[in-house]
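The sequence shown maps to residues 225 to 349 in my numbering.
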Amino acid sequence: MAKEARKTPAQEQNDPLHCLPPALRERVTLVEDQHRWLAIAETSATAQLLRFHLPKLQQAMPGQQIKIVVGGKRQPMSSNNHASKPAGPHLTQESARHIEAVAEAIEDDALKASLQRLASRGEPD
């Protein structure tokens with residue numbers, strides 16, 4: 225009851241997720257696509273619950289199409305930038321030179337092009 229008193233009418237109007245139960249609201253992210261909204265649910269069970277509450281969500285967003293997709297765990301809003309992604313494997317210059325040499329000996333054009341693209345990702349030592 226105290227939480228309800230703290231909510232402002234403007235806050236509820238700005239966020240259509242406020243029409244959902246709190247437990248479901250925490251597991252759903254709304255993303256605007258070109259012609260519709262995507263409701264990204266953490267799991268298929270969450271997506272099923274969201275389908276049950278879809279009429280409420282559609283009332284909160286009149287005239288908007290909403291598609292429910294399962295997208296895995298939500299990322300906190302503060303860590304949404306791509307700079308914090310963990311670094312993947314590195315390709316050394318020496319390995320890149322070996323791959324380039326192999327690519328030159330390959331007759332298949334598609335495979336040759338793929339190996340050359342891979343070799344171009346070599347990083348300085």
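Beta carbons are placed, not taken as given, at the ideal position from N, Cα and C, and that holds for glycine. Since the structure is predicted, the reported quantities are computational estimates derived from the model, not experimental observations.
Where residue i sits in the DSSP three-state scheme
{"i": "residue 316", "result": "strand"}
{"i": "residue 330", "result": "coil"}
{"i": "residue 250", "result": "coil"}
{"i": "residue 278", "result": "helix"}
{"i": "residue 347", "result": "strand"}
{"i": "residue 179", "result": "With the chain covering 225 to 349 only, the question about residue 179 has no answer from this structure."}
{"i": "residue 256", "result": "strand"}
Cβ pair residue i, residue j closer than 8 Å
{"i": "residue 362", "j": "residue 260", "result": "The question about residue 362 has no answer here: the residues shown for the chain are numbered 225 through 349."}
{"i": "residue 252", "j": "residue 278", "result": "no"}
{"i": "residue 343", "j": "residue 330", "result": "no"}
{"i": "residue 190", "j": "residue 294", "result": "Given a span of 225 to 349 for the chain in the structure shown, any question on residue 190 remains unanswerable."}
CB-CB length for residue i against residue j, believed under 8 Å
{"i": "residue 254", "j": "residue 241", "result": "6 Å"}
{"i": "residue 325", "j": "residue 346", "result": "In fact, because the Cβ distance is near 12 Å, the residues do not count as touching under 8 Å."}
Cβ shell of residue i (< 6 Å), same chain only, five flanking positions each side left out
{"i": "residue 315", "result": "345, 346"}
{"i": "residue 270", "result": "251"}
{"i": "residue 340", "result": "327"}
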